[in-house]
Ligand code: SF4
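Residue numbers (the working numbering): 959 to 1376.
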């Protein structure tokens, strides 16, 4: 019988993501979404810490030092195609297997790499991907506490100076405009930029009660209904007659966003979706300080929700350095105030500052575009970078984790999160 070697080479595939918090381990296959989660012993902690800290996905282990649990995990890793081991006679036979920086999604980042490239970046404008134009003249608390629901005032036009300022941005193909649905504003844009630009690249967000005011929508073939987002606020006096008359004709193509705050409104939303065959919809729960249990039931995520869809290596890498929800978004008000997050302080005024300067300010002095889950409790959680980035909603209600995970983990006996 052949003698066993003294050493093994234990290695992981480059698409395997590791999260290790105390003795809580998660190994995640970024190709098919399979994972291994366990509370591990010291021998395992040592092996997986090595992978993370050395930035090297292969290591030499003495067979005698490999605990029973580590063997079990190695076999699970093999079965899920996330890595394997092979026998070696000495440490010299191990091929070091390191990551190029851009792929290193396990790297512990002390400084944000995007911040450090800013000094040499000459065209920050290329970071913008969406501009929200708000025809609002005043900031009203109710309007700004609901993320998806914009209230509008009619007949407010953007100043020509504002249009001139954003002129060069409009010409960039990558930018999407999100306009609240005021007809006069749309007409103004059509005059300024031409019908084709407006039809193809502007998304209209409109409250269902105001949809009849958008004349463009009634012109046959003039608008792609897929670029239409209809917001239905069920928290205050839902007007069913108006909904039936004005809105259901868009049920197959437009995107429907329902705002609700209790079980009764939830049932109403479900019945509207079902009765009128609405195909694309999203339910948003409004937190009103009194509906915590309803909010927890429908908004809080669980492990199942987080791991439901495969999360790619690129997504995990992006989650470690920036906020995919907020990044690249600017909000412009008619008085030229510019925001990178409408619930934050204004960045400055167009006209007094260039767009380039305002973006630089966001990326150096504010933390909307680069806000990651690097604060407690998320920084102690193994799902830290698998979870979607922190949303504006989380900051608004002052709770940085809308999930059941930490409470569940803390109720378990085996964890050592700190
Ligand atoms: S604690 Fe934070 S990172 Fe962990 S699951 Fe909850 S929200 Fe996501």
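Just so it is clear, CB atoms sit at the ideal spot from N, CA and C, and this is done for glycine as well.
query, result
"Alpha-carbon spacing of residue 1217 relative to residue 1242, whole angstroms", "5 Å"
"Within 8 Å, strictly: CB atoms of residue 1092 and residue 1289", "yes"
"Contact the stretch 1321-1340 vs the stretch 1139-1148: 3+ CB pairs below 8 Å", "no"
"Status (buried if at least 16 other CB within 10 Å, exposed otherwise) for residue 1298", "buried"
"Secondary structure of residue 1042, DSSP reduced to three states", "strand"
"Own chain partners of residue 977 with C-beta closer than 6 Å, once the 5 adjacent residues on each side are dropped", "984, 1340"
"Euclidean distance between Cα positions of residue 1377 and residue 1277", "One cannot answer for residue 1377 here, as it falls past the ends of the chain, which runs 959 to 1376."
"Euclidean distance between Cα positions of residue 1229 and residue 1211", "18 Å"
"Own chain residues within Cβ distance below 6 Å of residue 1165, not counting five before or after", "1189"
"Heavy atom of the ligand SF4 within 7 Å of residue 1363 beta-carbon", "yes"
"Residue 1002 versus residue 1251 - alpha carbon distance", "39 Å"
"Option in 1284, 1281, 1285, 1303 with minimal Cα separation from residue 1291", "1303"
"Residue interval of the alpha helix (DSSP H) (run including residue 1315)", "1313-1323"
"Of the residues 988, 981, 996, 1029, the one placed nearest residue 966, counting alpha carbons only", "1029"
"C-beta contact flag for residue 1328 and residue 1269 at 8 Å", "no"
"As assigned by DSSP and simplified to three states, the class of residue 988", "coil"
"Residues of its chain near residue 1173, where Cβ-Cβ distance is below 8 Å and the 5 sequence neighbours each way are ignored", "1141"
"Start-to-end residues for the alpha helix (DSSP H) that takes in residue 1011", "1000-1012"
"Exposed unless 16 or more other CB atoms sit within 10 angstroms - verdict on residue 1342", "buried"
"Residue 1221 burial status per 10 Å Cβ neighbour count (16 or more: buried)", "exposed"
"Beta-carbon proximity check, residue 999 vs residue 1027, cutoff 8 Å", "yes"
"Residue 1284 Cβ short of 7 Å to the ligand SF4 heavy atom set", "no"
"Cα-Cα separation between residue 1355 and residue 1245, rounded to whole angstroms", "8 Å"
"Validate contact between the stretch 1079-1090 and the stretch 1036-1046 using beta carbons, cut 8 Å, 3 pairs", "no"
"Nearest candidate by alpha-carbon position, reference residue 1198, set 1231, 1360, 1123", "1231"
"Residue interval of the beta strand (DSSP E) (run including residue 1020)", "1016-1020"
"Identity of the residue in 980, 992, 1123 nearest residue 1264 by Cα", "992"
"Close beta carbons around residue 963, own chain, < 8 Å, minus the five adjacent residues each side", "1021, 1045, 1046, 1047"
"Opposing strand residues paired with residue 1309 [DSSP bridges]", "Beta-bridge pairing links residue 1309 to no other residue."
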